[in-house]
Amino acid sequence: MGFAAETARADPPDPTQPYDYVVVGGGTTGLIAANRLANKGYTVAVIERGDYPSGNLSEVPGYNEKWFSPNPPDSKDIVWTWPTVPQVGDDNETTRTHMMGKMMGGSQAFTFVDYFRTTKGAFMNWAEQVGDDSWTWDNVLPYYQRSVYFTPPNSTLRGNNATPEYDLSNLVGDTPGPIELTFPKYAQAFSSWVKMGLKELLVGSNYGFSGGDIKGGSWVVNMINTTDGKRATTYTSYLRAAEDVQDKIDVFNGTQAELINFSTGDSPTASSVHVSRNGSSFDITADKEVILAGGPILTPQLLMVSGVGPKDILTSQNISIILDKPGVGQDYYDHILFGLTHTVEVETTTALLNETRLREACDKFQSNAEGILSSPGPDFVAFTDFPTDLRLNFSKQTIADLATFPSDWPDVGIISYPSGISEGPGENYAEIMAVPMTPMSRGSISLQGGSMADNPVLDPKWLSSQTDLEVAVASLQYLFRLFNTTTMSYILGPSSSAPGVEEATWDDLADLVKKSYRTLNHQSASCRMGRSDDPMAVVDSSGRVMGVNQLRIVDPSAFPFLPPGFPLGTAYMVAEKITDSIIEGDAAGGDHEPRLDL
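Just so we're aligned, residue 0 is where the sequence shown starts under numbering that gives the first Met the number 0, counting upward by one.
Right, dumping it as structure tokens:
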């Protein structure tokens, strides 16, 4: 067996014996499943198309904004990028994309490393939709806590007006988890002003978004290793640092999962995964289960090319049908974001365009893991509802749609983003971004070929719902209001990305949203969890693909919907909970026999 260590770059040889479990995807959730299963003595193969993260772009928190600039890095070796079909607001020069990490640890290599949970009301809906009370808040909280431990912040380095408030009673459990949470050693000055501006708009405080109520504003806890200041990911925490399980895990990096093989009988059974690597192909066999963790785009694509999906899509690509499963790839959710940029009189990351300032920042980060590069940038976030006057123009349909959400589900997220890399040198720029929390638009994932080498057809249908457009305009109006507070006036410079918006009509604002929005890459529910009598549900409440045996999903494609907040912490929790179901189910079915060749 090969060791899953950072230094073990070479893949293990083609396997001659089955593994207990085969995990497809060595990203955000797959490595959680692999770690927990190996810790119980099971043998696990992890199939990952990418390699190991290395270099500033995938490790230094302060570099993440490069991924969200208008011209992100061309890093095809570590990032999947797929174009979407034309969307609302597109023109002949616009190509919108979905992006996902292609490396061990997955998308955590370019996300904001912010850690959030969602609301108690969202989990009441979750439990109801899937018919399983184990998904209520009190029952999932221990699985949130299982993933993390907490290191208190260095308030001296963070400076004045930037001391975080947090609630440890909810954040962590009795037993420390693998992923380190902390607050960066650098607080963005701009965010202190945003915090005060939100207070002027009567937005209260939250204590780290960890207790099942996310309304209010808070400095954001981050997934950062305090020893070196770099990103804490499932790769660094569940695999590289987990020496006790590495002899049970083989990592097939640089390996493409091409097809799930099924043995047929009374019902199809997932038996192995056909893969390609370095010009050769072979099967990796699972004695117990194949576990899919490729993410909300690749997981449904792999199911469909393997013959599990909507009959019409499979037939159109001449794919033999294993199981007609109409919900695969359908009705997925996503968050969009958009913002307003302004010149400001405090330092932001625009300063890093100055070579001298950048060298100083690099030296400080490399020597003490502190300074501006130790911060991912967006370090203060608030979730809130719209004031009454911003709801006056809502249509009856929008009012009815918003009434379907629980009372603790906020209308919008507000992100302080002290970034100006895209604006050029000479001024300090900062942005405040809005993320509508109530998406009604539903996307679809289809095929344009029968191979994983073919790009999937992605149609997120952003802003196709009139409700989404009306909520987006209200979100933009809320940003104007925040920028116009007395507090913010003390630091604003003369230039804005949207001058004259105070006189803009509703249609003008709608056009501004359509032209400027982008995805936050929060795709979810493309193989959604549900009850057995729901024809569009793909997995049951334990993540098992209904209609086939020995096949399970542990990534956000299995969410029943996209909950409020940001989903990374919930993805950890889902992987922990479903993997626990696997372990408990196997124990109930009898002890496994360990492999003797380890």
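Here a beta-carbon is modelled for each residue, glycine too, at the ideal position from N, C-alpha and C. From a predicted model like this one, the values you see are computed outputs, not experimental measurements.
DSSP places Thr569 within a helical segment (H, G or I) once states are collapsed to three. Take the alpha-carbon of Lys101 and the one of Asn317: they are about 28 Å apart. Selection Pro534, Trp136, Lys119, Thr162 evaluated against Ser204 yields Thr162 as nearest (Cα-Cα). Of Asp507, Pro559, Glu426, Met535, the smallest CA-CA separation from Pro493 is found for Glu426. Judged by DSSP in its simplified three-state form, Asn392 adopts coil rather than helix or strand. In this structure, DSSP gives Leu336 an extended state, which the three-state scheme calls strand. A buried status is given to Ile46, since no fewer than 16 other beta-carbon atoms sit within 10 Å of its beta-carbon. One Cα belongs to Ser495, the other to Arg530, and the distance between them is close to 49 Å. Taking a C-beta distance under 8 Å as the contact criterion, Ala473 and Leu389 qualify as a contact pair. Residue state for Trp81 is assigned as strand, using DSSP reduced to three classes. In this structure, Ala292 and Gly29 form a Cβ contact; the two beta carbons are roughly 3 Å apart against a cut-off of 8 Å. Within the same chain, Cβ atoms closer than 8 Å to the Cβ of Asp282 are found at Asn260, Ser271, Val272, His273, Val274, the five residues on either side in sequence being excluded.
Under the three-pair Cβ rule at 8 Å, the segment 194 to 203 counts as touching the segment 466 to 482. In terms of Cβ geometry, Leu258 and Gly207 do not form a close pair [threshold 8 Å].
Under the DSSP definition of a beta bridge, Glu354 lacks any partner.
Counting C-beta atoms within 10 angstroms of its own C-beta, Leu475 has 16 or more neighbours from the protein chains shown and is therefore classed as buried.
Using a Cβ-Cβ distance cut-off of 8 Å, the segment 244 to 251 and the segment 392 to 401 are not in contact, since fewer than three pairs of beta carbons, one from each stretch, lie closer than that value. Within the DSSP secondary-structure output, Asn205 pairs in no beta bridge.
Taking the C-beta atoms as reference points, Ile290 is found nearer than 8 Å to Ala32.
The Cβ-Cβ distance between Ser374 and Phe189 does not fall below 8 Å. If you draw a 10 Å sphere on the C-beta of Asn159, you find fewer than 16 other C-beta atoms in it, and that means exposed.
DSSP, reduced to helix, strand and coil, places Tyr51 outside both helices and strands of the structure shown, so it counts as coil. A residue is called buried when at least 16 other Cβ atoms come within 10 angstroms of its Cβ; Asn520 meets this threshold and is buried.
Using a C-beta cut-off of 8 Å, the segment 440 to 457 makes contact with the segment 295 to 314, since at least three inter-stretch Cβ pairs fall below that distance. In the structure shown, the three-state DSSP call for Pro295 is helix.
Within a 10 Å sphere around the beta-carbon of Pro85 sit fewer than 16 other beta-carbons, which makes this residue exposed.
In this model, Glu502 and Tyr237 are separated by some 53 Å (Cα to Cα).
For the set Asp585, Val23, Val573, the Cα lying nearest the Cα of Ser133 is the one of Val573. At the C-beta level, Met528 and Val544 stay beyond 8 Å of one another. Judged by DSSP secondary structure, Gly105 falls outside any beta strand (DSSP E); it is assigned neither H nor E. With distances taken between CA atoms, Gly412 lies nearest to Val380 out of Ser418, Tyr571, Val22, Val380.
A distance below 8 Å separates the beta carbons of Lys184 and Leu156.
Under the DSSP definition of a beta bridge, Asn138 lacks any partner.
With 16 or more other Cβ atoms from the protein chains shown falling within 10 Å of its own Cβ, Met487 counts as buried. Beta-bridge annotation (DSSP): Phe261 is paired with Ala269. Ranked by Cα distance from Tyr234, the first of Lys119, Gly105, Ser279, Tyr477 is Gly105.
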